[in-house]
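Top line first, the protein sequences correspond to chains A and B.
Sequential numbering of the first sequence, starting at -4, is according to this note's numbering.
Sequential numbering of the second sequence, starting at -4, is according to this note's numbering.
The next block holds one structure in the form of structure tokens; read it before the comments.
2 protein chains.
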Amino acid sequence: MGRPPIEFSLWDRGDGAFSPAVAPRITFLTRRALWQTCLRPDLGFPDAYAAGEIRVDGDLIDVLTTAFRATDQSPWQELRRRYFQWLPLPQGNSPIESRRNISAHYDLGNAFYQLWLDPEMVYTCAYYADATLDLARAQTAKLEHVCRKAGLEPGMRVVEAGCGWGALALHMAQHHGVKVRAFNISREQVEYARRRARELGLNRTVEFIEDDYRNIDGRYDAFVSVGMLEHVGPDNYRALGRIVRRSLSPHGRGLIHSVARNLPGPMNGWIHQRVFPGSYTPSLREMMEVFEGAGMSVLDVENLRLHYARTLADWLRNFERHVPEVTRMYDEYFVRAWRLYLGGCSAAFAAGILQLFQVVFTPARNNHLPRTRGALYGNGTPEFWEP
Amino acid sequence: MGRPPIEFSLWDRGDGAFSPAVAPRITFLTRRALWQTCLRPDLGFPDAYAAGEIRVDGDLIDVLTTAFRATDQSPWQELRRRYFQWLPLPQGNSPIESRRNISAHYDLGNAFYQLWLDPEMVYTCAYYADATLDLARAQTAKLEHVCRKAGLEPGMRVVEAGCGWGALALHMAQHHGVKVRAFNISREQVEYARRRARELGLNRTVEFIEDDYRNIDGRYDAFVSVGMLEHVGPDNYRALGRIVRRSLSPHGRGLIHSVARNLPGPMNGWIHQRVFPGSYTPSLREMMEVFEGAGMSVLDVENLRLHYARTLADWLRNFERHVPEVTRMYDEYFVRAWRLYLGGCSAAFAAGILQLFQVVFTPARNNHLPRTRGALYGNGTPEFWEP
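Now the structure itself:
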């Protein structure tokens, strides 16, 4: 693990031996927790933490950021990275497996997510364009940033792959006058999104479809997908590229927003097996599989890594306020697991281990392109190269 | 070739058979020209054109854009792409070969380039931020865009790999108060750049070094390289990444600007053998070899494809004004070859075959990053995540 500035202590030292001031400190409360962590850190540590056999003193995100920075270049990580193709990936991404994977996380109950997400229920990286934005306003800023990047204009037809609880689809229809077809395989999310569309009187302009992205049909002026690629699996990137390509009109533009990494490697075992079954966060190089060979051209890539560190920290703060309700809804194991997931992911973004890329692309021959990206930053309407 | 809306005619039809109104038209003036073109279009056509055995009626860039759009997805291109790893690449990119490759193009004589480049002698893609900019102002806008992306602040130390005639290095020192070390292996360019530095009184702040990028030493706050990656060769991308990484301070930022393509494939034979020996234009996926594995994180990618189509069109217009001088300096073969190179490259960018990527990156752990890219578009000074 290197030598991170964290105090480690064991089950046999009484708590009285430490003053609270020595935090950051990680205490292994059982022998099993220590062994599990040593044998397979990425799975053993979180499992033991969720079981209540590890205690972390100090700010959880800070302690984990420090630990990640110390361990990211350890020989263990290097070994995992080098031989990861032989590690078993128990969950696949066929249409049937995808249904099960998605349901396991996103169908935990809308009431749970409502406790700690923003009012629009956006469960992806927000955009804190300036330091004064709170979570809700940063999520709205993100939706708007995506709409501008996709070049939305009134009357356009838009398809969304993996629409969560529908916030982006509804925002696009309400604020940009576009027609949207939004696909998602989480039943609970789709039901929620349809109800919201009816409440907002948008059920004629936004259609929520409970179906796999592989079944997207039709032609659109824009393709957007925010936080779905993580669930697609690298074996399906080329197929996704073909679907995107056939969905885009000649002047169409697309945006894919995804958690990513600086270099390919195995998923964190705990995230892959317990939190997001079947998930994979690609490197930018791997993401290019989607576009290369499908006749598409990348226009713009932006890394929003530190925005996600902040988003997750805000989610964790909201979550902590509702621990009693969450404990009643599930149990203490669940609370600890979710605390570690939210805090651990925030730390992974802060430590530079995870990245968040927004990639904008278009069919290779499209010359109806803005000269600059200035319009994304409020500098009027874009000036196009060709009409 | 598909069926492009171009009239093809042969040596045995008198010119009188056509009215000028039938342009676009391509005339093969000899049997050899036709055979050469059929046998190996990417080398035979340009060789025959340069030899004066092919005539193009109509606007050269328009005719070639039309032809490229028709042929880009032809079976011939598909075959080349699929089997390109077995095509011989006669020129390598060792330090000695690089010297020879670079000299062959860039040491043609400064007087020649001065005829048709802008006054600052910038021989890379300009940035036509709005439609009113002429070549000179668009080149200055590009230099400024690069400086903003690299996050220059007074007092910083900057290293430039492949500095051409020194315009960017001098601009950075003059307008951003930084100290620059600029590397280049073209003797004529370095001599020109040193003279300019003395004329501008910048010879204490800008050091021009006639040496290979592989010999860059020291630590810098920014690494910039505009138009050199095309000459590095994919086998050297990982080594370049290590050089960049060791050159950057923990908060340092880098920018690499390069001609690229949407998917890997063989170089156009004529460009590779006659125009830029040893050159290779990578896909974005291939470019990622530089960053992945070197502990760097990509922050921003921008595609300036249509800016380069326009830049090359402006160069060609200037070139055409000076054809008598160029013919006296070289010969008619040279004039036709350069006309085809400038016009053909402009067409390749317009047709969506070539791309131009600016990639901004930083050491993976650097959190001293601007929240948004707004400052690139004149929205004040950037607000940073961490000091």
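For each residue, glycine too, the CB sits at the ideal point set by N, CA and C.
Mind listing the chain B neighbours of aspartate 295 of chain A? Cutoff is C-beta to C-beta under 9 Å, in chain order. For the purposes of this step, residue 295 of chain A is taken as the residue at position 300 of the first sequence. Within 9 Å Cβ-Cβ: Asp295, Val296, Glu297, Asn298.
Taking the C-alpha atoms as reference points, what is the distance between arginine 388 of chain B and arginine 199 of chain B? For chain B, the structure presents residues -4 to 382; residue 388 of chain B sits outside this window and is missing.
In whole angstroms, what separates the C-alpha of alanine 342 of chain B from that of glycine 273 of chain B? For this step, residue 342 of chain B is matched to residue 347 along the second sequence. For this step, residue 273 of chain B is matched to residue 278 along the second sequence. Straight-line Cα distance between these residues: approximately 22 Å.
Same chain, Cβ closer than 7 Å to alanine 99 of chain A, neighbours up to 5 away in sequence not counted: Within the first sequence, the letter at position 104 stands for residue 99 of chain A. Hits under 7 Å: Pro272.
Assuming tryptophan 310 of chain B contacts leucine 279 of chain B (C-beta within less than 8 Å), just tell me the rounded distance between them. As a working note, residue 310 of chain B is residue 315 in the second sequence. As a working note, residue 279 of chain B is residue 284 in the second sequence. Contact doesn't hold; Cβ gap of about 25 Å is too wide.
Secondary structure at glycine 249 of chain B, three-state DSSP: helix, strand or coil? Position 254 of the second sequence holds residue 249 of chain B. Glycine 249 of chain B falls in the strand class under three-state DSSP.
Aspartate 42 of chain B versus proline 36 of chain B - alpha carbon distance: Taking the first residue of the second sequence as position 1, residue 42 of chain B is located at position 47. Taking the first residue of the second sequence as position 1, residue 36 of chain B is located at position 41. Aspartate 42 of chain B and proline 36 of chain B: Cα-Cα distance of roughly 10 Å.
Along the chain, where does the alpha helix (DSSP H) that runs through proline 41 of chain A open and close? By one-based count along the first sequence, residue 41 of chain A stands at place 46. Residues 36 to 45.
By how many angstroms is the C-alpha of leucine 5 of chain B removed from the C-alpha of leucine 224 of chain A? Counted from its first residue, the first sequence places residue 224 of chain A at position 229. Counted from its first residue, the second sequence places residue 5 of chain B at position 10. Leucine 5 of chain B has its alpha-carbon roughly 53 Å from the corresponding atom of leucine 224 of chain A.
7 Å is my cut-off, CB to CB: does tryptophan 380 of chain A come that close to chain B? Locating residue 380 of chain A in the first sequence gives position 385, where the first residue counts as 1. True, the Cβ-Cβ gap to chain B drops below 7 Å.
Hey, threonine 22 of chain A and arginine 50 of chain A: beta-carbon distance below 7 Å or not? For the purposes of this step, residue 22 of chain A is taken as residue 27 along the first sequence, with counting starting at 1. For the purposes of this step, residue 50 of chain A is taken as residue 55 along the first sequence, with counting starting at 1. Contact: yes.
Near aspartate 136 of chain B, what residues of its chain come up, given a Cβ to Cβ distance below 8 Å and the 5 sequence neighbours on each side ignored? Numbered from its first residue, the second sequence carries residue 136 of chain B at position 141. The question names aspartate, yet the displayed sequence has alanine at residue 136 of chain B. Excluding residues within five positions, the ones whose Cβ falls inside 8 Å are Ala121, Tyr122, Tyr123, Ala124, Leu128.
Buried or exposed: cysteine 33 of chain B, going by 16 or more other Cβ atoms within 10 Å of its Cβ? The sequence position of residue 33 of chain B within the second sequence is 38, counting from 1. So cysteine 33 of chain B ends up on the exposed side.
Under a CB-based cut-off of 7 Å, is glycine 375 of chain A close to chain B? One-based indexing of the first sequence puts residue 375 of chain A at position 380. Interface residue (Cβ-Cβ distance to chain B less than 7 Å): glycine 375 of chain A is not classified as such.
For serine 69 of chain B, count neighbouring Cβ atoms within 10 angstroms of its own Cβ and tell me buried if that reaches 16, exposed if not. Residue mapping note: residue 69 of chain B aligns to position 74 of the second sequence, counting from 1. The residue in question, serine 69 of chain B, is exposed, as its Cβ has fewer than 16 Cβ neighbours within 10 Å.
With distance defined between alpha-carbon atoms, name the residue in B:Gly213, B:Pro259, B:Pro261 nearest to arginine 240 of chain B. One-based indexing of the second sequence puts residue 240 of chain B at position 245. Comparing Cα positions, the closest option is B:Gly213.
According to DSSP, residues forming a beta bridge with isoleucine 21 of chain B: Here residue 21 of chain B refers to the residue found at position 26 of the second sequence. For isoleucine 21 of chain B, which the question treats as bridged, DSSP gives the partners B:Phe3, B:Val51.
Neighbour-count burial assignment, alanine 357 of chain A, 16 or more Cβ in a 10 Å radius: Here residue 357 of chain A refers to the residue found at position 362 when the first sequence is read from its first residue. What sits at residue 357 of chain A in the sequence shown is threonine, not alanine. It counts as buried.
Leucine 55 of chain B vs tryptophan 265 of chain B beta-carbon contact at 7 Å: By 1-based counting over the second sequence, the position of residue 55 of chain B is 60. By 1-based counting over the second sequence, the position of residue 265 of chain B is 270. No, the pair does not count as a contact, with Cβ atoms beyond the cut-off.
When we look at the beta-carbon of arginine 366 of chain A and count the other beta-carbons within 10 Å, is it buried (16 or more) or exposed? In the first sequence, residue 366 of chain A corresponds to position 371, counting from 1. With 16 or more other Cβ atoms within 10 Å, it is buried.
In whole angstroms, what is the alpha-carbon distance linking glycine 339 of chain B and arginine 26 of chain B? Working through the second sequence from its first residue, we reach residue 339 of chain B at position 344. Working through the second sequence from its first residue, we reach residue 26 of chain B at position 31. Spanning the two alpha carbons is a distance of roughly 23 Å.
Quick one: grab the DSSP three-state call for phenylalanine 218 of chain B. By one-based count along the second sequence, residue 218 of chain B stands at place 223. Shown here, phenylalanine 218 of chain B sits in a strand according to DSSP, grouped into three states.
Valine 227 of chain A (DSSP reduced to helix, strand or coil): By one-based count along the first sequence, residue 227 of chain A stands at place 232. Reduced to three states, the DSSP call for valine 227 of chain A is coil.
Pick helix, strand or coil for proline 70 of chain A, following the three-state DSSP scheme. Locating residue 70 of chain A in the first sequence gives position 75, counting from the first residue. Helix at proline 70 of chain A.
What is the DSSP secondary structure of alanine 156 of chain A, reduced to helix, strand or coil? If you number the first sequence from 1, residue 156 of chain A lands on position 161. For alanine 156 of chain A, the secondary structure class from DSSP, reduced to helix, strand or coil, is strand.
Out of B:Gly150, B:Phe344, B:Leu364, state which residue places its alpha-carbon closest to the alpha-carbon of proline 388 of chain B. Residue 388 of chain B lies beyond the range of chain B shown here (-4 to 382); nothing can be said about it.
Only counting runs of 4 or more residues, tell me where the alpha helix (DSSP H) segments fall wholly within the stretch 131 to 212 of chain A, in order along the chain. Listed in chain order, they are 162 to 171, 182 to 194.
Rounded to the nearest angstrom, what separates histidine 226 of chain B and valine 296 of chain B at their Cα positions? Within the second sequence, numbered from 1, the residue matching residue 226 of chain B stands at position 231. Within the second sequence, numbered from 1, the residue matching residue 296 of chain B stands at position 301. Straight through space, the alpha carbons of valine 296 of chain B and histidine 226 of chain B are spaced by roughly 20 Å.
Does any C-beta atom of chain B lie closer than 7 Å to the C-beta of methionine 283 of chain A? Numbered from 1 along the first sequence, position 288 holds the residue referred to as residue 283 of chain A. Between methionine 283 of chain A and chain B, the shortest Cβ-Cβ separation is below 7 Å.
If you drop the 5 nearest sequence neighbours on each side, which residues of the same chain put their C-beta closer than 8 Å to that of histidine 317 of chain B? Working through the second sequence from its first residue, we reach residue 317 of chain B at position 322. Closer than 8 Å at the Cβ level, and outside the excluded window around histidine 317 of chain B, lie Leu110, Trp111.
Tryptophan 380 of chain B burial status per 10 Å Cβ neighbour count (16 or more: buried): Locating residue 380 of chain B in the second sequence gives position 385, counting from the first residue. Burial call: buried.
Three-pair Cβ contact test at 8 Å for the stretch 327 to 337 of chain A versus the stretch 245 to 256 of chain A: These segments do not touch.
Note down, in chain order, each residue of its chain lying with its Cβ closer than 7 Å to the Cβ of tyrosine 215 of chain A, except the 5 sequence neighbours on either side. In the first sequence, the residue the question calls residue 215 of chain A occupies position 220. Contacts found: Arg152, Val153, Val154, Ser242, Leu243, Ser244, Gly247.
State yes or no: is the C-beta of valine 117 of chain A within less than 7 Å of the C-beta of alanine 156 of chain A? As a working note, residue 117 of chain A is residue 122 in the first sequence. As a working note, residue 156 of chain A is residue 161 in the first sequence. No, they are not a contact pair.
Starting from leucine 349 of chain A, follow its DSSP beta bridges and name the residues at the other end. Within the first sequence, residue 349 of chain A is the residue found at index 354, counting from 1. Paired residues: A:Arg256.
For leucine 235 of chain A: DSSP bridge partner residues: Within the first sequence, residue 235 of chain A is the residue found at index 240, counting from 1. BP columns for leucine 235 of chain A are empty, so no partner.
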